[in-house]
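Here is the structure we will look at, set down as structure tokens.
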Amino acid sequence: MAIHRMDNVGIVVDDLAAAVAFFTELGMELEGEAEAEGTVPDQMLGLDGVRSSIAMMRTPDGHGKLELTQFHTPAAVTTGPLDPPPNTRGLHRVMFAVDDIDATLTRLRRHGAELLGSVARYEDSYLLCDLRGPSGIIVALAERIE
Numbered sequence: 023m024a025i026h027r028m029d030n031v032g033i034v035v036d037d038l039a040a041a042v043a044f045f046t047e048l049g050m051e052l053e054g055e056a057e058a059e060g061t062v063p064d065q066m067l068g069l070d071g072v073r074s075s076i077a078m079m080r081t082p083d084g085h086g087k088l089e090l091t092q093f094h095t096p097a098a099v100t101t102g103p104l105d106p107p108p109n110t111r112g113l114h115r116v117m118f119a120v121d122d123i124d125a126t127l128t129r130l131r132r133h134g135a136e137l138l139g140s141v142a143r144y145e146d147s148y149l150l151c152d153l154r155g156p157s158g159i160i161v162a163l164a165e166r167i168e
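Each residue of the sequence shown is one higher than the one before, counting from 23 in the working numbering.
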């Protein structure tokens with residue numbers, strides 16, 4: 023049996039509105055918002071009393087999605103440093119291909135984005151960078167050099 027597709031990547035955030043604004047500025051589209059509570063999220067997550075707000079964001083081509091979730095109850099858990107370094111084990115980065123890395127950085131800085139290092143050139147192929155966005159999310163950008 024094979025999988026059909028990767029449906030989405032879930033990211034827990036502390037400010038859903040700020041995260042939606044950030045990813046909208048990046049170029050993603052808000053597909054929908056919902057409140058989740060009751061038996062289904064409790065069973066699925068193995069938690070009691072789940073109440074959360076969810077925003078589903080999609081890339082313009084419709085193939086990539088991020089599910090942004092803000093937990094109201096139980097409160098989101100933080101383990102380790104709030105802004106872990108890029109070499110921390112586990113899922114911690116989402117990468118997007120962009121047309122203009124400098125223009126994208128300018129727009130995202132208005133939403134609090136901070137470069138982790140600097141924009142790097144990979145051979146004659148890409149400009150690359152990592153930045154920290156809302157809730158400490160590391161977002162990587164790649165601009166193809168043509």
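A virtual CB, placed ideally from N, CA and C, is assigned to each residue, including glycine.
The structure presented is a predicted model; accordingly, all values stated were derived computationally and were not measured.
So, with DSSP's three-state summary, where would you put residue i?
| i | result |
| --- | --- |
| ASP64 | helix |
| ILE76 | strand |
| THR101 | coil |
| THR192 | With the chain running from 23 to 168 in the structure shown, residue 192 is simply not present. |
| VAL42 | helix |
| GLU47 | helix |
Do the CB positions of residue i and residue j come within less than 8 Å of each other?
| i | j | result |
| --- | --- | --- |
| THR91 | VAL35 | yes |
| LEU170 | ILE33 | Absent from the model: residue 170. The displayed extent of the chain is 23 to 168, so no value can be given. |
| LEU48 | ALA77 | no |
| ALA164 | ASP152 | no |
| VAL72 | GLU55 | no |
| MET50 | ARG80 | yes |
| TYR144 | LEU150 | yes |
Using CA atoms only, rank isn't needed, just tell me which of the options is closest to residue i.
| i | options | result |
| --- | --- | --- |
| HIS26 | GLY139, MET78, HIS85, HIS94 | HIS85 |
| ALA98 | ILE167, MET28, ASP37 | ASP37 |
If you follow the alpha helix (DSSP H) that residue i is in, where does it begin and where does it stop?
| i | result |
| --- | --- |
| ARG129 | 123-131 |
| THR81 | Premise fails: THR81 is in no alpha helix (DSSP H) and is neither H nor E. |
Counting along the chain, where does the beta strand (DSSP E) carrying residue i start and finish?
| i | result |
| --- | --- |
| ALA162 | 160-166 |
| GLU89 | 87-95 |
| ALA119 | 115-120 |
| LEU69 | Looking at the DSSP string, LEU69 is not in any beta strand (DSSP E), and its letter there is neither H nor E. |
| ALA24 | Neither: ALA24 is in no beta strand (DSSP E) and is coded neither H nor E. |
If contacts are defined as beta-carbon pairs under 8 Å, then residue i and residue j qualify, I think. What distance do you get, rounded to the angstrom?
| i | j | result |
| --- | --- | --- |
| ARG115 | PRO108 | 7 Å |
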